[in-house]
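Here's the structure, in structure tokens; my notes come after.
Number of protein chains: 2
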Amino acid sequence: MIIDKLTTPYYAVIFSTIVSEDLDGYLETAERMEELAKEQKGYLGIESARNKIGITVSYWQTLDDIVLWKNNIEHTEARNLGREKWYKKYQLRICKVESEYGFEK
Amino acid sequence: MIIDKLTTPYYAVIFSTIVSEDLDGYLETAERMEELAKEQKGYLGIESARNKIGITVSYWQTLDDIVLWKNNIEHTEARNLGREKWYKKYQLRICKVESEYGFEK
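Just so you know, the protein sequences line up as chains A and B, in that order. Reading the first sequence from the start, the letters are residues 1265 to 1369 in the working numbering. Reading the second sequence from the start, the letters are residues 1265 to 1369 in the working numbering.
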């Protein structure tokens, strides 16, 4: 799903990943994290795609909302598991969305 | 490919797409645009993933570099073709990357 235009300024977290061979439990946890993110304060939406690499972009109202989500206990446990088992490499970027435009047929 | 840590501040363009059924010429043009982007002033890197939706994130030194790339003639022609033929819907967000961290095994 693509997230439609939101009201700037807001924040995007770009999470780019390369996964390992052992993906036991990964999909369930990724889905659970997406559900859990939706319940958090300041959550605005999430977009996700994967083939050779994975890119998940989540959108948030403020930087404080991103910190709260980062420190969520269940999220922290999932992140630890991710580092231990599922991820070979990732890069996470926190960005302020300054402008946007869309196209739809 | 995942782009490693860059020096903040810099800019990200998050381009989220839903493609149509007619993808004739799409892949070649997408690849050509990626090659062309790499030659532009201020280009820092590109990350791309696709399954249900496509997400391409390109990284740039300044907002001016993004405007120059937007106005590149060959890019403009490709964008017009994209709107006409390949894209059902897209959203493009211009963001300032404020912080980032990475993990690698």
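C-beta: ideal position from N, C-alpha, C; glycine also.
Of the listed residues A/Gln1325, A/Ile1317, A/Lys1316, nearest to A/Gly1309 (C-alpha basis): A/Gln1325
A/Ile1282, DSSP secondary structure in three states: strand
Per-residue contacts from A/Val1283 into chain B (C-beta, under 7 Å): Those within 7 Å of A/Val1283 in chain B number zero; the least Cβ separation is about 11 Å.
Reference A/Phe1279; option with closest CA among A/Asp1286, A/Glu1295, A/Gly1318: A/Gly1318
Own chain partners of B/Asn1336 with C-beta closer than 8 Å, once the 5 adjacent residues on each side are dropped: Non-local C-beta neighbours of B/Asn1336 in its own chain, meaning closer than 8 Å and more than five positions away in sequence, comprise Leu1300, Gln1304, ordered along the chain.
Euclidean distance between Cα positions of A/Glu1311 and B/Gln1355: 11 Å
Residues of the region 1304 to 1330 of chain A whose Cβ lies closer than 9 Å to any Cβ of chain B, in chain order: Here the close residues are Glu1311, Ser1312, Ala1313, Arg1314, Asn1315, Lys1316, Ile1317, Gly1318, Ile1319, Thr1320, Val1321, Tyr1323, Leu1327.
8 Å contact criterion, which B/Trp1350 and B/Tyr1275 should meet: CB distance rounded: So it is not a contact: roughly 25 Å between Cβ atoms.
Within-9 Å CB hit, A/Lys1302 to chain B: no
Partners in chain A for B/Ala1294, counting only beta-carbon separations shorter than 8 Å: Near B/Ala1294 there are no residues of chain A at all, since even the closest Cβ is about 13 Å away, more than 8 Å.
Beta carbon of B/Leu1332 nearer than 9 Å to that of B/Ile1358: no
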